[in-house]
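Residue numbers (my numbering): 254 to 556.
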Amino acid sequence: MPTGTIIFADNLEVLRSLEAESIDLIYIDPPFNTGSTQRRLQLRTESDPAGDRIGFGDRRYRTIVLGTMAYNDAFDDYLGFLTPRLEHARRVLAPHGSLYLHCDYREAHYIKILLDRIFGHDAFINEIIWAYDFGGRSRRRWPAKHDTIFFYAKDPQQYFFDSDAIERIPYMAPDLVGPEKAARGKLPTDVWWHTIVPTNSHEKTGYPTQKPLGILRRIIQASSRPGDCVLDFFAGSGTTGIAAWELGRRFILVDNNPLALIAMAKRFAQVPDVEWVNFDPRPYQQEHAHPTLFSPQTSLDRE
Ligand SMILES: C[S@@+](CC[C@H](N)C(=O)[O-])C[C@H]1O[C@@H](n2cnc3c(N)ncnc32)[C@H](O)[C@@H]1O
């Protein structure tokens with residue numbers, strides 16, 4: 254079995270083909286925009302002898318168009334899009350497996366309800382807040398500077414979680430805890446302060462919505478063992494795969510956007526033993542392959 258598999262396909266198709274209980278950990282960061290925004294007319298009918306509709310007792314009605322509900326439709330569609338994918342996610346997780354779902358304040362509450370329905374309310378383990386401090390600050394409300402990551406277990410009695418493997422962080426006031434504790438650091442809580450991927454960093458791929466490796470490392474360290482299989486079926490630039498590989502885990506990444514596959518081709522050029530499905534990475538892995546694939550205007554979803 255290869256160290257990693259990277260698949261160019263719709264993730265539902267891939268999820269359907271994965272064996273039940275074959276995955277140890279899933280991290281996903283789905284886009285908000287499913288690409289299928291629909292507009293639904295909002296209508297009201299009123300009694301009118303000259304109306305175009307005939308109802309009970311041959312009474313006539315006319316139809317009044319009140320407006321369109323594009324936003325709500327898009328949202329309904331979004332949950333409809335996620336539902337079968339999350340159902341399969343639960344099916345493919347091993348009994349000790351976990352799911353981490355990354356979203357933002359706009360979707361978080363609806364997604365929580367959906368996850369409770371699919372995984373069970375008692376399988377909810379944590380709501381992790383990733384707090385960062387970057388970009389403009391609204392003067393009309395509190396500037397939104399956090400994402401939400403939901404952590405669910407396949408089975409709350411059996412899930413794997415290794416707090417000893419988590420990298421510790423410095424105490425805010427080390428003088429208050431003594432030198433020994435201060436040197437050891439403390440375990441992170443469910444609020445994670447972490448920078449976004451810095452613009453000029455080595456880590457930056459240029460792929461919109463790329464998440465920091467530090468966030469993925471922490472999740473993978475805590476919720477999987479070396480040799481385990483980590484799945485990300487909204488892979489984007491492949492952050493989950495890189496973190497998994499660095500930590501000695503296997504990975505399966507899926508994305509249906511050719512730009513994501515191109516970003517991953519470059520990012521995984523030095524990673525040995527990767528199987529590519531439906532995509533040939535080689536033209537993008539040569540030394541002089543086109544370096545500027547993404548413009549700042551490229552936008553996939555909510556960012
Ligand atoms: C927010 S991005 C993920 C970014 C990623 N976490 C990273 O660090 O680069 C979401 C990804 O989901 C992909 N996607 C959306 N719908 C998909 C589908 N039906 N099947 C596979 N991938 C899909 C998009 O192409 C996009 O790359």
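The C-beta atom is built at its ideal place from N, Cα and C for all residues, glycine as well.
Predicted model, so just to flag it, every value in this text is computed and none were measured.
Among the options, the one whose alpha carbon lies nearest that of residue i
i: Arg370; options: Trp529, Ala426, Glu340, Phe521; result: Glu340
i: Ala406; options: Gln539, Glu528, Ala342, Phe532; result: Ala342
i: Gln410; options: Ile495, Ala435, Ser351, Ile419; result: Ser351
i: Glu274; options: Gly438, Gln538, Tyr412; result: Tyr412
i: Tyr331; options: Arg359, Lys464, Asp311; result: Arg359
i: Thr492; options: Gly501, Phe521, Ala303, Phe414; result: Phe521
i: Asp282; options: Arg503, Arg269, Leu271, Asn264; result: Asn264
Contact check, residue i vs residue j, beta carbons under 7 Å
i: Pro361; j: Thr336; result: Here residue 361 is Ala; the residue named in the question, Pro, does not match the sequence. No, Cβ-Cβ distance for Ala361 and Thr336 is not below 7 Å.
i: Val524; j: Trp498; result: yes
i: Asp408; j: Pro479; result: no
i: Ala475; j: Ile419; result: yes
i: Tyr353; j: Tyr280; result: yes
i: Ser490; j: Val483; result: no
i: Ala435; j: Arg470; result: no
i: Arg313; j: Pro302; result: yes
i: Leu500; j: Ile472; result: no
Same chain only: Cβ atoms within 7 Å of residue i, ignoring 5 sequence neighbours per side
i: Lys365; result: Phe403
i: Arg437; result: Arg421
i: Leu271; result: Val345
i: Lys439; result: Arg421, Ile422, Tyr424
i: Thr414; result: Contrary to the premise, residue 414 reads as Phe rather than Thr in this sequence. Counting only Cβ-Cβ distances below 7 Å, and skipping sequence neighbours, we find Ala475, Ser476.
Same chain, Cβ closer than 6 Å to residue i, five either side skipped, listed in chain order
i: Gly467; result: His447
i: Glu528; result: Pro255, Thr258
i: Ile260; result: Val267, Val507, Val530
i: Ile378; result: Phe404, Ala406
i: Phe387; result: Ile449
i: Gly494; result: Gly257, Phe504, Leu506
i: Ala376; result: Tyr405, Ala406, Pro409
i: Arg269; result: none
i: Pro536; result: none
i: Pro534; result: Ala518
i: Cys356; result: Ile364, Thr401
Closer than 6 Å: residue i CB and nearest ligand 3 heavy atom
i: Ala513; result: Annotation note on ligand 3: not contained in the displayed structure, which lists ligand 1 as its ligands.
Cutoff 8 Å; reference residue i; Cβ partners in own chain excluding five residues on either side
i: Leu546; result: Annotation note: pLDDT 47 at Leu546 (below 50); position unreliable, no value reported.
i: Gln538; result: Ala518, Lys519, Ala522
i: Asp526; result: Pro255, Thr256, Gly257
i: Asp481; result: Asp277, Leu278, Arg502, Arg503
i: Leu367; result: Leu332, Leu335, Thr336, Leu339
i: Ala262; result: Val507, Asn509, Val530, Asn531
i: Thr551; result: Caution applies to Thr551, whose pLDDT of 34 falls short of 50 and renders its modelled position unreliable; the model cannot decide the point.
i: Arg390; result: Pro396
i: Pro451; result: Lys457
In chain order, what are the residue ranges of uninterrupted beta strand (DSSP E) at least 3 long that sit wholly in the stretch 357 to 392?
377 to 384
contact_flag[the stretch 429 to 446, the stretch 388 to 398] where n(CB pairs < 8 Å) is 3 or more:
no
For the 8 Å Cβ check, are there 3 or more pairs between the stretch 449 to 459 and the stretch 370 to 382?
no
So, does the stretch 439 to 453 touch the stretch 382 to 391, judging by three or more C-beta pairs under 8 Å?
yes
Which runs of the alpha helix (DSSP H), 4 residues or longer, sit entirely within the stretch 392 to 453?
432 to 437
Report the residue ranges of all alpha helix (DSSP H) runs contained in full by the stretch 450 to 538; include only those spanning at least 4 residues, in chain order.
466 to 476, 492 to 499, 511 to 520, 535 to 538
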